[in-house]
Amino acid sequence: MEEPSNKNTSTLGELYRTFFSKHWPIWVGGLILGLLNVFLFMIKSPWGGSGGYNNWGENVYQSLGLLGLENVTPTGDSLYGMLNILIILGALAAALFAKEFALRIPPVGELIKGFIGGGLMAIGAKMGMGCTIGGFFSGIPALSGGAILLTVGLFLGTIVALKYLMWEMEALPGISSGKSKTLLAASRKGGSWQKWLGLIVTVFVFVMAYFYSKENMTMTWFVIIGLLLGMICQRSRFCIVASFRDPFMTGKSSSTVGIITGILVGLIGFTLIKMFGVGAGDLPLRYREMTWVFPHFWLRAPIGGFVFGLGMTIAGGCAVGTLWRVGEGQVKLWASAVGFLAISPLAAKYIVPAFVGLLPHSTRYKNFMPDYIGYAWSVVLVLAILLVWYLFVKWNEKTGKFSAY
Amino acid sequence: MDTNIDQTLDVKGLTCPMPILKLSKTMKKLKSGQILEMLGTDPGTKLDLESWCKKSGNELLDEGELDGGVFRFVIKKA
Chain A
329 MEEPSNKNTS
339 TLGELYRTFF
349 SKHWPIWVGG
359 LILGLLNVFL
369 FMIKSPWGGS
379 GGYNNWGENV
389 YQSLGLLGLE
399 NVTPTGDSLY
409 GMLNILIILG
419 ALAAALFAKE
429 FALRIPPVGE
439 LIKGFIGGGL
449 MAIGAKMGMG
459 CTIGGFFSGI
469 PALSGGAILL
479 TVGLFLGTIV
489 ALKYLMWEME
499 ALPGISSGKS
509 KTLLAASRKG
519 GSWQKWLGLI
529 VTVFVFVMAY
539 FYSKENMTMT
549 WFVIIGLLLG
559 MICQRSRFCI
569 VASFRDPFMT
579 GKSSSTVGII
589 TGILVGLIGF
599 TLIKMFGVGA
609 GDLPLRYREM
619 TWVFPHFWLR
629 APIGGFVFGL
639 GMTIAGGCAV
649 GTLWRVGEGQ
659 VKLWASAVGF
669 LAISPLAAKY
679 IVPAFVGLLP
689 HSTRYKNFMP
699 DYIGYAWSVV
709 LVLAILLVWY
719 LFVKWNEKTG
729 KFSAY
Chain B
1404 MDTNIDQTLD
1414 VKGLTCPMPI
1424 LKLSKTMKKL
1434 KSGQILEMLG
1444 TDPGTKLDLE
1454 SWCKKSGNEL
1464 LDEGELDGGV
1474 FRFVIKKA
């Protein structure tokens, strides 16, 4: 006979196990992330990852008195700077709730690869004016023609970097070998301190959201949604690198399917927001339509995507994949985050302008697909591309035609 | 486990995709029927490993968690 009070705890326990005892199917993660992305756009503007790192970097350089940066937005006032911090906190809380948090310190060679990968991502994101989130996961639903070309670049960069990793494994195995350490891991039976710490982190975030709500309701939303993004990414191991890489590595298709799901949801929501000017306020409809359509068509986008693809594959996480792995304690990705924020302001000031100056202006303008073929055919085109991609990864999973292993 | 381990692969501290790359490389050197023990710390390895085994035909004999956040997998070469 169960006591009524026991029933209550077991209901709560069941809920807890649903969320935290197993990883979620990645398409469930993609679905909810897609919805939250639409939510962000309705409130203000879609999800983006690289801008937040750039904001962190600018604040660091300014506080050191370097680069002569002026008018830097303090991270506490920067929507995307805060969103990135909240993704880390969300992933930290989720990993703690699941007792999956541990400081996993890799061999030194891997730390260096993390830093270089982060630096390449920073350069790629500045060059391509967007990363896997802003330029791809949000850019494709935003019906930006440049986003499609950025995606092509990401693909090529990923494949080249995967070839490099496979070569490195044979020729330079020392890079990924050597001393590693794991600290603070929860033991199998004990470790319930992690759950309590997870609760403290979550409560802290809501207190922070409350303090913002007095003056900046948009930030309150970004804080709460950021927490959810981080939690969902960690639980579903939402990895955009894997979605590009796995079909060419193990042939696994689940990450790709998860990302396609999220883009589909975003496509529906973004199209409606743009067509009907949802959340435009006093601004002209055109302004709403051109949100997340960047002047990177047609050459900046694929070049940037290629460099970003190299970086994310070497680091083992894109802009957001880095964030949530920082939260669960993967120290290689800490190096990647440091590389990203350290190089981003340098890329913006020196590296990218020098290169972009060489490109004719006709290779870097905004391409909003509905301007050329209308909304309906733009949506159909994106759906067709997603369908082809889906069929390719599923077919490849069965036949192993393009998989290395 | 009473299984006789032929080789142990330590990928502790490494993150995706390095564990799977190392695993593939190590497995190539084993003979059919030999058994590999893999120790790692990336929570993502589990999912990757299951699909890799399905794909490559190798058999995942056992998976578990040791103290200190270490995941242990035992794989038999096909």
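Protein sequences, first through last, are from chains A and B. Okay, so the first sequence: first residue is 329 according to the working numbering, each after it adds one. Okay, so the second sequence: first residue is 1404 according to the working numbering, each after it adds one. Backbone N, C-alpha and C define an ideal beta-carbon position, used for all residues, glycine too. These numbers come from a predicted model, not from an experiment.
- Secondary-structure assignment with DSSP links residue 433 of chain A through a beta bridge to A:509.
- Around the C-beta of residue 521 of chain A, fewer than 16 other C-beta atoms lie within 10 Å, and the residue is accordingly described as exposed.
- Around the beta carbon of residue 689 of chain A, fewer than 16 other beta carbons lie within 10 angstroms, which makes this residue exposed.
- Under the Cβ criterion (8 angstroms, minimum of three pairs), the segment 488-504 of chain A counts as touching the segment 434-442 of chain A.
- Look at the segment 504-562 of chain A and you find these whole runs of alpha helix (DSSP H), each 4 residues long or longer: 521-541.
- In the three-state reduction of the DSSP assignment, residue 573 of chain A falls in the helix class, which pools H, G and I.
- Listed along chain B is no residue with a C-beta nearer than 7 angstroms to that of residue 701 of chain A; the closest approach is about 38 angstroms.
- Between the alpha carbons of residue 566 of chain A and residue 355 of chain A lies a distance of about 9 angstroms.
- With respect to the 7 angstroms criterion, residue 382 of chain A and residue 664 of chain A are not classified as neighbours on the basis of their beta carbons.
- Contact between residue 606 of chain A and residue 370 of chain A holds: their C-beta atoms lie close to 6 angstroms from each other, under 8 angstroms.
- Look at the segment 665-698 of chain A: it has no residue with a C-beta under 7 angstroms from a C-beta of chain B.
- Residue 430 of chain A and residue 613 of chain A have their C-alpha atoms roughly 48 angstroms apart.
- Within the segment 423-482 of chain A, the complete alpha helix (DSSP H) segments at least 4 residues long are 436-456, listed from N- to C-terminus.
- Residue 422 of chain A places its beta carbon less than 7 angstroms from that of residue 562 of chain A.
- Note on residue 387 of chain A: 16 or more other CB atoms within 10 angstroms of its CB, so buried under the neighbour-count rule.
- When C-beta atoms of the segment 453-470 of chain A are compared with those of the segment 608-628 of chain A, three or more pairs fall below 8 angstroms, so the two segments count as touching.
- DSSP places residue 401 of chain A outside both helix and strand once states are collapsed to three, so it counts as coil.
- Listed as beta-bridge partners of residue 658 of chain A by DSSP are A:432.
- With a threshold of 16 other beta carbon atoms within 10 Å, residue 652 of chain A meets it and is buried.
- Contact between residue 467 of chain A and residue 640 of chain A is absent: CB atoms are separated by about 15 angstroms, not below the 8 angstroms threshold.
- The Cβ atoms of residue 481 of chain A and residue 634 of chain A lie closer than 7 angstroms to each other.
- Here residue 1475 of chain B is not near residue 1426 of chain B, since their CB atoms are 7 angstroms or more apart.
- Cα atoms of residue 538 of chain A and residue 530 of chain A: separation of roughly 13 angstroms, rounded to the nearest angstrom.
- What residue 1447 of chain B touches in chain A, judged by beta-carbon distance under 7 angstroms, is 565, going in chain order.
- The C-beta distance from residue 733 of chain A to residue 1459 of chain B rounds to 6 angstroms, short enough to meet the 8 angstroms contact threshold.
- Per the Cβ contact rule, the segment 580-595 of chain A is in contact with the segment 357-376 of chain A (3 or more Cβ pairs under 8 angstroms).
- Its Cα nearest to that of residue 558 of chain A, the residue A:650 stands out among A:514, A:581, A:615, A:650.
- Shown here for residue 486 of chain A: same chain residues with a beta carbon closer than 6 angstroms to its own, the five before and five after excluded, namely 572, 573, 637, 641 in chain order.
- Inside the segment 630-700 of chain A, DSSP marks whole alpha helix (DSSP H) runs of 4 or more residues at positions 647-655, 659-674, 680-684, from first to last along the chain.
- Between residue 526 of chain A and residue 1448 of chain B, the alpha-carbon positions lie close to 23 angstroms from each other.
- DSSP places residue 616 of chain A in no beta strand (DSSP E) but in the uninterrupted alpha helix (DSSP H) bounded by 613-617.
- With a threshold of 16 other beta carbon atoms within 10 Å, residue 712 of chain A falls short and is exposed.
- At a cut-off of 7 angstroms between beta carbons, residue 575 of chain A makes no contact with chain B.
- Around residue 1462 of chain B, no beta-carbon contact reaches into chain A at under 7 angstroms, the shortest distance being about 16 angstroms.
- Residue pairing by DSSP places residue 1466 of chain B opposite B:1476 in a beta bridge.
- For residue 356 of chain A, the enclosing alpha helix (DSSP H) begins and ends at 354-371.
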